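Peer 1:
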Amino acid sequence: MTDNKHIQQKIEDRLTRLTNQEPAEQILAAQQIISEIGTINSHEAFAQVQKRIQKRKNTISLLNTFSRIAAILFIPLLLASVWLFYNQQKPVHQQFAIQEITSPPGIRSQVVLPDGSKVWLNAESTIKFQVPFQENSRNIDIVGEAFFDVVKNPDQPFVVQSGNVKVKVLGTRFNYKAFADDENIEVVLEEGKIALNLQSDSKNKETILIPGDRAVIEKESSKTTVRNENINKYIAWHSGKLVFDNSPMSEVARLLERWYGVEVRVQDTEIMNYRFTTTFENESLFQVIELLGLSSPIHIKYIPATVGKNNQAQTKSKVIISKK
């Protein structure tokens, strides 16, 4: 305290010589601060400093602990992030769907496939295929009749199948006929080259067809007959032509049913032996049955379909053929 009194005495001496450049208030404030300094307990101040150091040590220690925990968690989180990034970069597996297209009785339709190939679908016929096609093949399942104009692609063969009869092509034009109620399957090649495979039991027979070939495969026995002939009458339908070439009445009746979506009844078995040779192009059912009646001793009667509620047909139109 002696030192403080000495300092105080000097300040008071200074005040007695105070000039206008140094306000007395500032010097009195300095005196107050010096007085407070003198009252500080050095031991207590040292203890408080130690407490603050220890508190900071604890804080640093806690931060170090958190840092170690974060480092431990960082590795699996990093691996998980890499895994998620990698999987997001992978291309999504492409989804496939089965497309089914049907032409009802009396209707013929044309379809363009995903690869650009064209299909003419006859009446009462259905094709099914995967969309999009597989990378290494273009597979078509068929029931009925269709004419194919196939875009060439050596890396993606075009395959048409019905039952155990498979046709494999690269690029060509051909007709495939496989109606469920027919005894035979027929394949007719207009241009190109196709491989006809018969998959029965352990055997896998392959027959190569060239333009003009018509292959007839018996469904029950898989017996195959191939002939090179005039194939126009077998493929003319996709151009809108109905061709009878020495065709028996049984075949005529079946073609009329499919072509016009009607029910044909032949009442006399003798008529079944009648044969017809003619070509119709874009004629109506009435024109066709009229011309058939004029060309042979038969009588043809047309019965229109019955109509129920909402103008929906309850029965097909009927064509009754009998002997005159």
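Terminal number for the sequence shown in the numbering used here: 903, no gaps in between.
Cβ atoms here follow ideal geometry from the backbone N, Cα and C, with glycine treated the same way.
Predicted, not measured: the structure shown is a model, and the values here were computed from it.
1. Would you mind working out which of I899, K745, S863 and N743 sits nearest R844, comparing C-alpha positions?
2. By the three-class DSSP mapping on this structure, what secondary structure does K903 have?
3. What residues are listed by DSSP as bridge partners for R854?
4. Cα separation between P827 and A759?
5. Would you give the residue range spanned by the alpha helix (DSSP H) that Q689 belongs to?
6. Compute the distance between the beta-carbons of N949 and G819, then report whether it is under 8 Å.
7. Using the C-alpha atoms, what's the distance from V739 back to T858?
8. In whole angstroms, what separates the C-alpha of T894 from that of L873?
9. For the alpha helix (DSSP H) containing G872, name the first residue and the last one.
10. Beta carbon of A794, beta carbon of E765: below 8 Å?
11. CA-CA distance, K697 and D728?
12. Per DSSP, which one or two residues make a beta bridge with W699?
13. Out of Y881, D694 and A774, point me to the one whose CA is closest to V805's CA.
14. Could you spell out the range, first to last residue, of the beta strand (DSSP E) harbouring N807?
15. DSSP three-state label for I789, please.
16. Reducing DSSP to helix, strand and coil, say where N811 ends up.
17. So which of N861, I787, V710 and F855 has the shortest CA-CA distance to H817?
18. Please say whether P876 and K903 have beta carbons closer to each other than 8 Å?
19. As a quick exercise: from G685, V710, Q713 and E714, pick the residue whose alpha carbon is nearest that of L700.
20. Use the C-beta contact count for S863: other C-beta atoms within 10 angstroms, 16 or more gives buried, fewer gives exposed.
21. With distances taken between CB atoms, is the gap from S901 to Q866 smaller than 8 Å?
22. Ordered along the chain, which non-local residues of its own chain (more than five positions away) have a Cβ less than 6 Å from that of K559?
23. For S682 and S704, I'd like the C-alpha separation in whole angstroms.
24. With the cut-off set at 8 Å, would you say E830 and E836 are in Cβ contact?
25. What residues in its chain sit with their C-beta under 6 Å from that of F855, if we drop five residues either side in the sequence?
26. List the DSSP bridge partners of A574.
27. Who are N776's beta bridge partners in DSSP?
28. Does DSSP put T848 in a helix, in a strand, or in coil?
29. Is DSSP giving E836 helix, strand or coil here?
Peer 2: Concretely, from the data shown:
1. With distances taken between CA atoms, R844 lies nearest to I899 out of I899, K745, S863 and N743.
2. When DSSP states are grouped into helix, strand and coil, K903 belongs to the coil group.
3. According to DSSP, which records beta bridges pairwise, R854 is partnered with P827.
4. Separation of P827 and A759 (C-alpha to C-alpha, rounded to the nearest whole angstrom) is 20 Å.
5. Run containing Q689: none in the alpha helix (DSSP H); it sits in the beta strand (DSSP E), S688 to V691.
6. Examination of residue 949 is not possible in this model, given that the chain is present from 580 through 903 alone.
7. Answer to the nearest angstrom: the Cα atoms are 29 Å apart.
8. Straight-line Cα distance between these residues: approximately 28 Å.
9. For G872, the enclosing alpha helix (DSSP H) starts and ends at L864 to S874.
10. Yes, Cβ-Cβ distance for A794 and E765 is below 8 Å.
11. Pairing K697 with D728, the inter-Cα distance amounts to about 5 Å.
12. Paired residues: Q689 and F726.
13. Ranking the options by Cα distance to V805, first place goes to A774.
14. DSSP places N807 inside the beta strand (DSSP E), whose first and last residues are T803 to N807.
15. Three-state DSSP puts I789 in coil, outside helix and strand.
16. It is helical.
17. Answer by Cα proximity: N861.
18. Going by C-beta atoms, K903 is nearer than 8 Å to P876.
19. The residue among G685, V710, Q713 and E714 with its C-alpha nearest the C-alpha of L700 is G685.
20. Exposed: under 16 other Cβ atoms inside 10 Å.
21. No, these two residues do not count as a Cβ contact at 8 Å.
22. Lying outside 580 to 903, the shown extent of the chain, residue 559 is not represented and no answer is given.
23. Going from the Cα of S682 to the Cα of S704 covers about 5 Å.
24. Going by C-beta atoms, E830 is not nearer than 8 Å to E836.
25. These residues qualify, in order along the chain: F823, S826 and V831.
26. An answer regarding residue 574 cannot be provided, because it is not within the stretch 580 to 903 covered by the chain.
27. Its beta-bridge partners are K745 and E785.
28. Looking at T848 - three-state DSSP - the assignment turns out to be helix.
29. Reduced to three states, the DSSP call for E836 is helix.
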